[in-house]
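Shown next, in structure tokens, is the structure this report addresses.
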Amino acid sequence: MFEAPATEYAAGHRGVDLAAPPGAAVLAAGDAVVLHAGPVADRPVISLLHAGGLRTTYEPVEVSVRRGQPVRRGDRIGTLRAGHEGCPTEACLHWGALRVVPRRTYLDPLRLLSPGPVRLLPSAATTPPGPQPTRSLTSPRPLTPGCQPTCPGQSLAAGPQNRPGPRPAR
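Under UniProt numbering, the first residue of the sequence shown is numbered 1, with each subsequent residue one higher.
Below, the structure written as structure tokens:
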């Protein structure tokens with residue numbers, strides 16, 4: 001779970017942990033340029049710089065991109081490795097987001113995900129005539145205690161294409 005630090009160097013969890021199997025594809029959250037692709041404190045890390053001064057980080061990831069390389073949303077940037085410290089499952093992607101301008105501010109990366117279109121329905125017990133919605137917002141459900149959800153039926157894609165699937169009919 002994201003926990004913003006009180007100051008830049010204070011304690012906190014500067015991202016979210018997304019449970020997935022080792023070897024899962026890790027995809028770029030958006031169009032960006034690879035800022036860093038390599039070890040940081042003995043962990044393989046990828047950092048992407050997006051337009052508007054947003055930096056996203058992904059770890060532990062076997063790197064398949066190089067520094068300075070442009071990437072598009074959904075491009076494979078690496079492969080998830082097992083052994084993320086603090087992960088209650090075999091593998092978790094630690095995904096972080098940092099706004100670097102106008103000042104450094106850590107963000108909850110889950111807020112970057114686009115929920116898709118929203119359609120409000122009347123609260124009456126009867127179903128209105130016409131086509132019914134095929135998508136709706138649903139609350140996320142953790143797959144494993146301590147890990148954030150990934151979308152069912154999709155590879156680990158830390159990006160705006162992660163959207164909830166269709167809601168079952170009532």
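All C-beta atoms in this analysis are idealised placements derived from N, C-alpha and C, irrespective of residue type, glycine included.
Every value quoted in this text rests on a predicted model; they were computed, and no experiment measured them.
Is DSSP giving residue i helix, strand or coil here?
i: D17; result: strand
i: L113; result: coil
i: R104; result: coil
i: R99; result: strand
i: V118; result: coil
Would you call residue i buried or exposed, if buried means 16 or more other Cβ atoms sit within 10 Å of its Cβ?
i: residue 179; result: Nothing about residue 179 can be read from this structure; the chain reaches only from 1 to 170.
i: A82; result: exposed
i: R167; result: Confidence is the limiting factor: at R167 the pLDDT is only 45, short of 50, which leaves the residue's position unreliable, though a coordinate-based value still follows. Classification of R167: exposed, given that the 10 Å Cβ count is below 16.
i: T105; result: exposed
Once you ignore the five residues that flank residue i on each side, which residues in its own chain have a CB closer than 8 Å to its CB?
i: V71; result: A28, D31, A32, V33, V34, L48, V65, I77
i: V40; result: E59
i: P21; result: L80, E90, A91
Near residue i, what residues of its chain come up, given a Cβ to Cβ distance below 7 Å and the 5 sequence neighbours on each side ignored?
i: L54; result: A97, R99
i: G23; result: T79, L80
i: L63; result: The sequence given here places Val at residue 63; Leu does not occur at that position. Here the set comprises A37, G38, P44, I46, G78.
Apart from the five residues on each side of it in sequence, which residues of its chain come closer than 6 Å, Cβ to Cβ, to residue i?
i: H36; result: S47
To test your reading of the DSSP string, which unbroken alpha helix (DSSP H) runs of 4 or more residues are found completely within the UniProt domain "M23ase beta-sheet core" (12-97)?
none
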